[in-house]
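Undergrad: The sequence shown: position 12 = 15 (my numbering), numbered continuously.
Backbone N, C-alpha and C define an ideal beta-carbon position, used for all residues, glycine too.
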Amino acid sequence: MKNRFLNYFASKPALVTLVSVSLLIDAAVYGIITPAIPTILQDEMKAPVSINGLLIGFYGLGVLIGAPSISYLSDRSGKRRMLMIVGFVVLGISSLGIGLSKHVYQIFLARLGQGIASGVTWCLGLACLIDIYPSDKLDSPISMAYSGFTLGIMGGPFIG
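1) With a 10 Å radius around its C-beta and 16 neighbouring C-beta atoms as the bar for buried, classify Asp-142 as buried or exposed.
2) To which residues of the same chain is Ile-68 closer than 6 Å at the C-beta, ignoring the five residues directly before and after it?
3) Tell me whether Tyr-75 sits in a helix, a strand or coil according to DSSP, three-state version.
4) Is the distance from the Cβ of Ser-14 to the Cβ of Thr-124 below 8 Å?
5) Using the Cα positions of Ile-145 and Val-22, report the straight-line distance between them to the nearest angstrom.
6) Report all residues from its chain with a CB closer than 7 Å to the CB of Lys-82; omit the five preceding and five following residues, and keep chain order.
7) When the Cα atoms are used, what is the spatial distance from Leu-76 to Ser-53?
8) Less than 8 Å between the C-beta atoms of Gly-122 and Ala-70, yes or no?
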């Protein structure tokens, strides 16, 4: 069952769809959560305003941790697709964690998890496309992936 599931994502159209949807959701979640941070921190958690920027920065720290770490791991293991799917699941779990956080440290950990998952999604998503498309045919799949990201950036704030 596991191999059949992963083999499905070996097809070019399925992989482009997975990467595009992953980047769309990643960007949409970012666009939903970022504007809500002051409300969550100040209104619900009564945290000082001074930590808002720090929480935004934790996402970047997560990307800084996630992207090179997962790149190293995926190069060594050769299991990009599975790691990409795991990153997508981690993004969902950490995003739920933000909504369920009752304490400031919990929201910081969830935001760090979002950043790590985002680094995974971006690095491995684009690497998967590069792996299965010849270099002279990469324009379209990468454009599709970035279109997913753009739709997420545009739609996230409207959803949130």
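TA: With the structure as the only source:
1) Here residue 142 refers to the residue found at position 139 when the sequence shown is read from its first residue. It is exposed - the Cβ of Asp-142 has fewer than 16 other Cβ atoms within 10 Å.
2) Against the sequence shown, residue 68 aligns to sequence position 65. Excluding positions up to five away in sequence, the list reads Ile-119.
3) As a working mapping, residue 75 is identified with position 72 in the sequence shown. Helix at Tyr-75.
4) Start at 1 with the first residue of the sequence shown, and residue 14 comes out as number 11. Start at 1 with the first residue of the sequence shown, and residue 124 comes out as number 121. For Ser-14 and Thr-124, no; Cβs fall outside 8 Å.
5) On the sequence shown, position 142 is the one that residue 145 refers to. On the sequence shown, position 19 is the one that residue 22 refers to. About 9 Å.
6) Residue mapping note: residue 82 aligns to position 79 of the sequence shown, counting from 1. Excluding positions up to five away in sequence, the list is empty.
7) Position 73 of the sequence shown, counted from the first residue, corresponds to residue 76. Position 50 of the sequence shown, counted from the first residue, corresponds to residue 53. Distance between the alpha carbons of Leu-76 and Ser-53 is about 36 Å.
8) The residue you call residue 122 lines up with position 119 of the sequence shown. The residue you call residue 70 lines up with position 67 of the sequence shown. The answer is yes: Cβ separation under 8 Å.
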